[in-house]
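Undergrad: Quick one: the structure is below, and I'll ask about it shortly.
2 protein chains.
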Amino acid sequence: MSEFELIDRLQGIVNARTAGLLKPGSVGVGDDAAVLSVAPGRQLLVTVDTLVDGVHFPHQSAPFDIGYKALAVNLSDIAAMGGQPVCFFLALTIPDPCREWLDRFAQGLEHLATPSAVYLAGGDTTSGPLSITITALGVVDHGRALLRSGARPGDLIVLSGTTGLAGLGLIQLQRKAVVDPSAWQALTRPQPRLALGQALLGKATACIDISDGLAADLGHILAASQVGAELSLDCLPCPEALSKLDLQQRWNLQLGAGDDYELCFTLPATLEAQLPALAEAGGLGLTIIGRITEGNRLRLHRTDGTEFVPTRLGYDHFSSHRL
Amino acid sequence: MSEFELIDRLQGIVNARTAGLLKPGSVGVGDDAAVLSVAPGRQLLVTVDTLVDGVHFPHQSAPFDIGYKALAVNLSDIAAMGGQPVCFFLALTIPDPCREWLDRFAQGLEHLATPSAVYLAGGDTTSGPLSITITALGVVDHGRALLRSGARPGDLIVLSGTTGLAGLGLIQLQRKAVVDPSAWQALTRPQPRLALGQALLGKATACIDISDGLAADLGHILAASQVGAELSLDCLPCPEALSKLDLQQRWNLQLGAGDDYELCFTLPATLEAQLPALAEAGGLGLTIIGRITEGNRLRLHRTDGTEFVPTRLGYDHFSSHRL
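Keeping their order, the protein sequence lines are chains A and B.
Using this note's numbering, read the first sequence as starting at 15 and increasing by one per residue.
Using this note's numbering, read the second sequence as starting at 15 and increasing by one per residue.
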């Protein structure tokens, strides 16, 4: 397949159903740069994430899964800022482009792009070791983006959905064991929590998505907000597939494994009564898992007061990190 | 070097001198996404380019050169749209981050970022085969971006600077010959023609930067504008280092080698008298090399009327292509 066929194919598949989303006055794929309008009173959100073969997904992963996840991890960042995603740019490096691989990769992108109302606005294709970098753009009302830096002592710490399933799936995959269906789903089809992020605007004081692990990502909020936290382990919602593990294993997965793409946010205690409405707007369960404190320490404790020190607090090796 | 040290280093070096450029209300490096304001009446330009080790630069290239060029090729796209660059996002994949490599890479970025007044707004670092994807953002007045699609029969075709030197440098490098200093300069320190691009706003009818080779890139203007062109080979400005080559070799380099990052634009013949002022604004020579015609054919001819068919019309292999 020549480069031109490749480009035609990607454009055709990814843009076919999303062409109607191109804004008047925008220039799409095919010029030196894309031209985009940002409405007055809105700010632009920009995020970049790379997925490398063998690092972020196993060798020989299904191209559909790679395409889906490459977009999902980026849209999750837009969700964590409370943004409405608009479009994305794809930099695809691939050793040997074959038509079937590209078709399925593009279908994976489209599977998420279409319901999320985002379109492919441009990009670059290159020959080399398989790697996908997506730049996602979103918009948010001026000054309203959910940052990491607004948590205050007394705020509730709230988690959407559950954590730990993607970590379980990865371990089962690495051990060549049977992968639990819910763990497979969590690992390959993370759902960017876009509706929830937008519902949190003006309410949450800080927000982050769980990519490095709950403890590490909550730690980013604490550092940016210059506060501490108490996290109650007995409050962590436990997915069925993790319920058979011993508590040490389970908490390590739930706190440290990452790749969950749920939102962890802080909410003034006075807004606790709004949680059911926020859960309904977000279309998923929300659980209060702790409280922001003075100081700068993250304390993980059980209801009986005993403390827990996890074995692994998110990625501490050189693998991937957001600037 | 841990991932956190890497990030600190890149942030420190690249942002130190450009921190003052961060717009009020912007959120820089360190949240889930960057938050940027676009002034009313302005549109956003976005471009993405990937450089892969061994494809876009030779193995063991100096990290300074890699950093410089990764940013330069992106800013060149902003220049070709007549935009003012604002910031960039860096997705760096690197097998084994060593402090010295990163320092020099960041210095290469900074060498261009500082005089171009662009800052590092975010990014992602990943472990894997060396590859750099930069997303550059710029702004332009609403509806004024220089597109490829506006060339009209009778328009002059104008080239900034010269072409062919980068191609000569690459050939000399591949043959392990002594690389001519001007060819080395062209290959490793391309200058994005930002001042020229902005000076062309409201004047040029179409514009492109020369990355794939003059003939191929002019071909993109012809296709987008649905016109043809006559290009006069005897008008092509010849750099000293190419003057010793036979004409066939020289024209093949000047028309087909690419990697030049000069601007090729079309100008209504009524504006010919403005060329000296445009050249002064752009800070470099401008040469009329041909004229837009009816039809869809690119005709390359000598003053005596004989036609020339180049051996190589830009990249025709699978290597890199803009979506």
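We put the CB at the ideal spot given by N, CA and C, even for glycine.
On a predicted model such as this, the values are computed, not experimentally measured, just so you know.
1) Note down, in chain order, each residue of its chain lying with its Cβ closer than 6 Å to the Cβ of Arg313 of chain B, except the 5 sequence neighbours on either side.
2) Taking CB distances under 8 Å as the criterion, tell me whether Ala77 of chain A reaches chain B.
3) Output needed for Arg208 of chain A: all residues of its chain with C-beta closer than 6 Å, excluding positions within five of it in sequence on either side, in chain order.
4) Please list, in chain order, the chain B residues whose beta carbon lies closer than 7 Å to that of Gln199 of chain A.
5) Out of curiosity, what's the CA-to-CA distance linking Val132 of chain B and Ala131 of chain A?
6) With a threshold of 6 Å on Cβ separation, who are the neighbours of Ala165 of chain B within its own chain once the five nearest residues in sequence on each side are excluded?
7) Using a Cβ-Cβ cutoff of 8 Å, what residues of the region 98-127 of chain B are near chain A? List them in chain order.
8) What residues of chain B sit near Asp273 of chain A, judged by a beta carbon separation below 7 Å?
9) So for Ile224 of chain B, helix, strand or coil by DSSP?
10) Rounded to whole angstroms, what's the CA-CA distance from Leu250 of chain A to Thr202 of chain B? Just pull it up for me.
11) Alpha carbons only, please: which of B:Leu89, B:Leu210, B:Val323, B:Gly309 is nearest the one belonging to Phe102 of chain B?
12) Please report the straight-line C-alpha distance between Glu276 of chain B and Gln212 of chain A, rounded to a whole angstrom.
13) Within 10 angstroms of the Cβ of Ala197 of chain B, are there 16 or more other Cβ atoms? Answer buried if so, exposed if not.
14) So which residues of chain B does Ser51 of chain A contact, with C-beta pairs closer than 8 Å?
15) Please confirm whether Val62 of chain B and Thr140 of chain A have their CB atoms less than 8 Å apart.
16) Could you give the C-beta distance for Pro143 of chain B and Pro109 of chain B, rounded to a whole number, given that I count them as a contact under 8 Å?
17) Ile185 of chain A and Gly304 of chain A: beta carbons closer than 8 Å?
18) To the nearest angstrom, report how far apart Trp115 of chain A and Val154 of chain A are at their CA atoms.
19) Tell me the residue span of the beta strand (DSSP E) that contains Leu102 of chain A.
20) 8 Å is my cut-off, CB to CB: does Thr325 of chain A come that close to chain B?
21) Looking at Cys278 of chain A: is its Cβ nearer than 8 Å to the Cβ of Leu215 of chain A?
22) Within 10 Å of its beta-carbon, does Ser174 of chain A have 16 or more other beta-carbons around it, so buried, or fewer, so exposed?
23) Distance, Cα to Cα, Leu232 of chain A vs Thr147 of chain A?
24) Would you kindly report the start and end of the unbroken beta strand (DSSP E) that includes Ser141 of chain A?
25) Closest Cβ-Cβ distance between Ala1 of chain B and chain A: below 8 Å?
26) Locate the beta strand (DSSP E) running through Leu312 of chain B, then write down its first and last residues.
27) State buried or exposed for His70 of chain A, treating a residue as buried only when at least 16 other CB atoms are found within 10 Å of its CB.
28) Near Gly339 of chain A, what residues of its chain come up, given a Cβ to Cβ distance below 8 Å and the 5 sequence neighbours on each side ignored?
29) How about Gly97 of chain B and Ala159 of chain B: do their beta carbons lie closer than 8 Å?
30) Quick one: is Thr325 of chain A buried, meaning 16 or more other Cβ sit within 10 Å of its Cβ, or exposed?
31) Scan the region 248-281 of chain B for residues whose Cβ lies nearer than 9 Å to a Cβ of chain A and list them as they occur along the chain.
32) Near Ala86 of chain A, which residues of its chain fall below 8 Å by C-beta distance, leaving aside the five closest residues on each side in sequence?
33) Between the C-alpha atoms of Asn310 of chain B and Gly137 of chain A, what's the straight-line distance to the nearest angstrom?
34) Does Val323 of chain A pass the burial test, meaning 16 or more other C-beta atoms within 10 Å, or should it be called exposed?
35) By Cβ distance below 8 Å, which residues in the same chain neighbour Thr320 of chain A in space, the five residues on each side in sequence not counted?
TA: In this structure, then:
1) Its chain contains Glu244 as the residues whose beta carbon lies nearer than 6 Å to that of Arg313 of chain B, once the 5 sequence neighbours on both sides are disregarded; these appear in chain order.
2) Per the sequence presented here, residue 77 of chain A reads as Pro, with Ala not at that position. So, not an interface residue.
3) Looking at the sequence itself, residue 208 of chain A is Leu, so the reference to Arg does not match. In its chain, beyond the 5 residues on either side, Ala93 have a beta carbon closer than 6 Å to the beta carbon of Leu208 of chain A.
4) Result: empty, since nearest Cβ-Cβ is about 23 Å, beyond 7 Å.
5) C-alpha separation (whole angstroms): 30 Å.
6) Sequence-distant partners of Ala165 of chain B (beyond 5 residues in either direction) whose C-beta falls short of 6 Å from its own C-beta, in its chain, are Thr219, Ala220, Ile235, Ser239, Val241, Thr280, Ile306.
7) Hits within the stretch, in order: Phe103, Leu104, Ala105, Thr107, Pro111.
8) Ordered by position in chain B, no residue passes the 7 Å Cβ test against Asp273 of chain A, which lies about 14 Å from the chain.
9) coil
10) 54 Å
11) B:Leu89
12) 44 Å
13) buried
14) Gln57, Leu58, His156
15) no
16) 6 Å
17) no
18) 35 Å
19) For the record, residue 102 of chain A in the displayed sequence is Phe; it is not Leu. Start and end: 98-108.
20) Not an interface residue.
21) With contacts defined by Cβ atoms closer than 8 Å, Cys278 of chain A and Leu215 of chain A do not form a contacting pair.
22) buried
23) 25 Å
24) 133-141
25) Because chain B spans 15 through 337 in this model, residue 1 of chain B falls outside it and cannot be assessed.
26) 312-315
27) buried
28) Only positions 15 to 337 of chain A appear in the structure, and residue 339 of chain A is not among them; the question remains open.
29) yes
30) Thr325 of chain A is exposed by the Cβ-count criterion.
31) Per Cβ criterion, the list is empty.
32) Leu126, Arg203, Pro204, Gln205, Pro206, Tyr275
33) 26 Å
34) When all chains shown are included, Val323 of chain A counts as exposed.
35) none
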